[in-house]
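Start counting the sequence shown at 1; every next residue gets the next number (the working numbering). The C-beta atom is built at its ideal place from N, Cα and C for all residues, glycine as well. Worksheet for the structure shown next.
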Amino acid sequence: MTFVQCPDFIGHLDGTVKAPDPASAESLYQTWLATDKEVIAVLYKTIASNTIRTNHIKSLSATPRQTACELWAALKETFVRDSRSLRFELKRRLYNPVHDTSRPVLEYVSDIINAHASLADLRHSPPTIDIIDSILMHLDPSFDIVRSSLVTQSSDPSLETIKKVLDDFYRDGKAKGSGVGEPEAAMFTRRGKGTRRRDEEEEEEEYYDWGNTRGGDACHRCGRPGHRSSKCIADMPQNVKDNIINGYRKARKARRDEDAKAVRVGSDSDSDYYVDNPIRANAAQAFFKTTNSPSPEPVDSDVVYLSQAMRDRLRLDVKNSGKAKRQEFKGMVSRMEG
C-alpha cells in the first residue's frame, strides 16, 4: 500500500515536507511533485462520495496546482470543524468508553487513543496520562485481575505494556475457551518490573499468606494484595481449609464450655440456680434492682441465686431483645433449666 511504501506520506499531508525550489533543484522538485500527486490520488480513492471529491479535489492541471497539504487542510476544515457537539462526543469516547468484551480488547484501546488524537487535532489536547487512566478505569469487570496487577505496580506502566498485557489476557481467555476475562482464564501477577503469569504451583505457594496472618493491606483470604476478598479466585489448599474450620470449631466449643461453667445447678431446689462468675453475678444483681424484683442475698461476692421470678424476667427480656441477644439468653435459660 502507498501508506507503507511512501515514507513521506504524512509529511506531505501536514506540510512538513516542503516543496524544493524548481529553479534551483528541478530534479528534486519533480520527485517531490510525483509523490505529492500520489498522495492526492490516495486521498481521492479513500473518499466514496463524488460530491466531496468534486467540492474539495481540484484537477491536477489546475493553476495554481493544489498540493496534498492544501487538500488535507480543506477536508479537515469541513469535516473536523471544532464544535461543542464534536468535543462532547470525543470526550465521551475518551473519558466514558464502553468495553465490549465480544470485540477484541485492542479495539477498545484504539478507540480511546483515537478520541485523544482527534481532540488534539482540534487543539483541545488532554494530558496523555488520561489515555492510560481511562483504559484501566473502564475495563470490563471480567478484567479485574489484570487491571489490579497493572495499577499496583510501583511505577505507571507504559501504553505499549498495557496493550500487550490486555491483549495477552484476552487471547489467553479465548484460547482456553472459557470466555474472555473468566477467572480461570489467566492470572497476572506483579514481580519486579514486569508482569507475568505463574503456572508452577510450587512457585505460587510462596506468595500466599492464607487467612492474611500478617494482617497487612491484602486479601483476607489468600493474603495477596491487589484485589478484594470477594473476588479472590485462589484455590485454597485442603489442609488450610481444614485448619481454619477446625479452629472455628474449637473456638465455638471453648465458648460453649465457658458459658456452661458460668451457670451451675446446686440442687433440685428452684432457688439453687446461681452464677459463679463475679461479673455476671453483679450484672444479675443490677438486673434485679432495675426490675424492682425481690432478690435473694448472694452466698458470697462471687455467687448470686436466680429465683423463678428472675428466670421469668429473663424470658421476658429475651422476647424483646434482638436476634443475637435472644439466642444467647435462650441458651443460658436452657442450660439453667437443665
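- Using a Cβ-Cβ cut-off of 8 Å (strictly less than) and excluding sequence neighbours within five positions of residue 8, which residues of its own chain qualify? Numbered from 1 along the sequence shown, position 8 holds the residue referred to as residue 8. 17 and 35, listed in sequence order.
- Item | For residue 155 and residue 226, believed in contact at Cβ under 8 Å, the rounded distance | The residue labelled residue 226 in the question sits at position 226 within the sequence shown. The residue labelled residue 155 in the question sits at position 155 within the sequence shown. With 8 Å as the limit, residue 226 and residue 155 do not qualify as a contact, their Cβ atoms being about 15 Å apart.
- Is it true that the CB of residue 134 sits closer than 7 Å to the CB of residue 94? In the sequence shown, counting from the first residue as 1, residue 94 sits at position 94. In the sequence shown, counting from the first residue as 1, residue 134 sits at position 134. In this structure, residue 134 lies closer than 7 Å to residue 94 by Cβ.
- Query: Is the distance from the Cβ of residue 119 to the Cβ of residue 125 below 7 Å?
  - Reply: By one-based count along the sequence shown, residue 119 stands at place 119. By one-based count along the sequence shown, residue 125 stands at place 125. Taking 7 Å as the Cβ cut-off, residue 119 and residue 125 qualify as a contacting pair.
- Endpoints, alpha helix (DSSP H) assigned at residue 135: In the sequence shown, the residue the question calls residue 135 occupies position 135. That run of the alpha helix (DSSP H) goes 129-137.
- Query: Going along the chain, which unbroken runs of the alpha helix (DSSP H) with 4 or more residues stay wholly within the segment 96-176?
  - Reply: Within the segment 96-176, the complete alpha helix (DSSP H) runs of at least 4 residues fall at 105-121, 129-137, 144-151 and 159-176.
- Item | 8 Å contact criterion, which residue 106 and residue 132 should meet: CB distance rounded | Working through the sequence shown from its first residue, we reach residue 106 at position 106. Working through the sequence shown from its first residue, we reach residue 132 at position 132. Rounded, the Cβ-Cβ distance is 15 Å, inconsistent with contact.
- Message: Quick check on DSSP: helix, strand or coil for residue 17?
- Response: For the purposes of this step, residue 17 is taken as residue 17 along the sequence shown, with counting starting at 1. Assignment of residue 17 by DSSP, reduced to helix, strand and coil, places it in the coil class.
- Residue from 68, 27, 54 and 136 with nearest C-alpha to residue 369: One cannot answer for residue 369 here, as it falls past the ends of the chain, which runs 1 to 338.
- Run through DSSP, which three-state label would residue 184 get? Your numbering for residue 184 matches position 184 in the sequence shown. Since pLDDT at residue 184 reaches only 39, below the 50 mark, its modelled position is unreliable, and no value is offered.
- Work out the CA separation of residue 21 and residue 113 for me, nearest whole Å. Here residue 113 is taken as the residue at index 113 of the sequence shown, counted from 1. Here residue 21 is taken as the residue at index 21 of the sequence shown, counted from 1. Each residue's CA atom was taken as its position, placing residue 113 and residue 21 some 38 Å apart.
- Identify the continuous alpha helix (DSSP H) that holds residue 382 and give its terminal residues. The structure shown does not extend to residue 382, since the chain spans only 1 to 338, so no value can be given for it.
- Query: alpha helix (DSSP H) containing residue 29: first to last residue?
  - Reply: The residue you call residue 29 lines up with position 29 of the sequence shown. For residue 29, the enclosing alpha helix (DSSP H) stretches over residues 26-46.
- To the nearest angstrom, how far is it from the Cα of residue 244 to the Cα of residue 152? Numbered from its first residue, the sequence shown carries residue 244 at position 244. Numbered from its first residue, the sequence shown carries residue 152 at position 152. For residue 244 and residue 152, the distance between alpha carbons rounds to 29 Å.
- Query: Going straight from the alpha carbon of residue 47 to that of residue 58, what length do you get?
  - Reply: The sequence position of residue 47 within the sequence shown is 47, counting from 1. The sequence position of residue 58 within the sequence shown is 58, counting from 1. Using only the alpha carbons, I get a separation of about 14 Å.
- Assign residue 39 to buried or exposed, taking buried as 16 or more other Cβ atoms, counted over all protein chains shown, within 10 Å of its Cβ. Position 39 of the sequence shown holds residue 39. Residue environment: residue 39 is assigned as buried (16 or more neighbouring CB atoms within 10 Å of its CB, all protein chains considered).
- Message: For residue 56 and residue 27, I'd like the C-alpha separation in whole angstroms.
- Response: As a first step, residue 56 must be located in the sequence shown, where it is residue number 56. As a first step, residue 27 must be located in the sequence shown, where it is residue number 27. In this structure, the straight-line span from the alpha carbon of residue 56 to that of residue 27 is close to 29 Å.
- Alpha-carbon spacing of residue 291 relative to residue 256, whole angstroms: Numbered from 1 along the sequence shown, position 291 holds the residue referred to as residue 291. Numbered from 1 along the sequence shown, position 256 holds the residue referred to as residue 256. Confidence at residue 291 is low in this model, with a pLDDT of 48, below 50, so its placement is unreliable and the value that follows should be read with caution. In this structure, the CA atom of residue 291 is about 28 Å from the CA atom of residue 256.
- Kindly list the residues whose CB is nearer than 6 Å to the CB of residue 168, restricted to its own chain and excluding five residues on each side of it in sequence; keep chain order. Looking up residue 168 in the sequence shown gives position 168. No residues qualify anywhere along the chain.
- Task: Starting from residue 219, trace the alpha helix (DSSP H) both ways and give me its first and last residue.
- Result: What you label residue 219 is simply residue 219 of the sequence shown in a count that begins at 1. Per DSSP, residue 219 lies in no alpha helix (DSSP H) segment and is marked neither H nor E.
- Message: Please tell me whether residue 101 and residue 140 are closer than 7 Å, where the distance is taken between their beta carbons.
- Response: For the purposes of this step, residue 101 is taken as residue 101 along the sequence shown, with counting starting at 1. For the purposes of this step, residue 140 is taken as residue 140 along the sequence shown, with counting starting at 1. A contact, by the Cβ cut-off of 7 Å.
- So, is residue 254 buried or exposed, given that buried needs 16 or more other C-beta atoms within 10 angstroms? Position 254 of the sequence shown, counted from the start, is the residue given in the question as residue 254. With a threshold of 16 other beta carbon atoms within 10 Å, residue 254 falls short and is exposed.
- Message: I'd like the list of long-range same chain contacts for residue 74, defined as Cβ closer than 8 Å, with 5 residues on each side in sequence excluded.
- Response: The residue labelled residue 74 in the question sits at position 74 within the sequence shown. Annotation for residue 74: 56 place their beta carbon closer than 8 Å to its own, counting only its chain and skipping 5 residues before and after.
- Query: Just curious, the alpha helix (DSSP H) that residue 76 is in, first and last residue?
  - Reply: Taking the first residue of the sequence shown as position 1, residue 76 is located at position 76. According to the DSSP assignment, residue 76 belongs to the alpha helix (DSSP H) that extends over 68-79.
- Coil, strand or helix - residue 291 by DSSP: To locate residue 291, count along the sequence shown from 1; it is residue 291. Because residue 291 sits at a pLDDT of 48, beneath the cut-off of 50, its placement in the model cannot be relied upon, and the following sentence gives the value as read from the coordinates. In this structure, residue 291 counts as helix in the three-state DSSP scheme.
- Query: For residue 251, which of helix, strand or coil comes out of DSSP?
  - Reply: As a working mapping, residue 251 is identified with position 251 in the sequence shown. DSSP places residue 251 in helix when its eight states are reduced to three.
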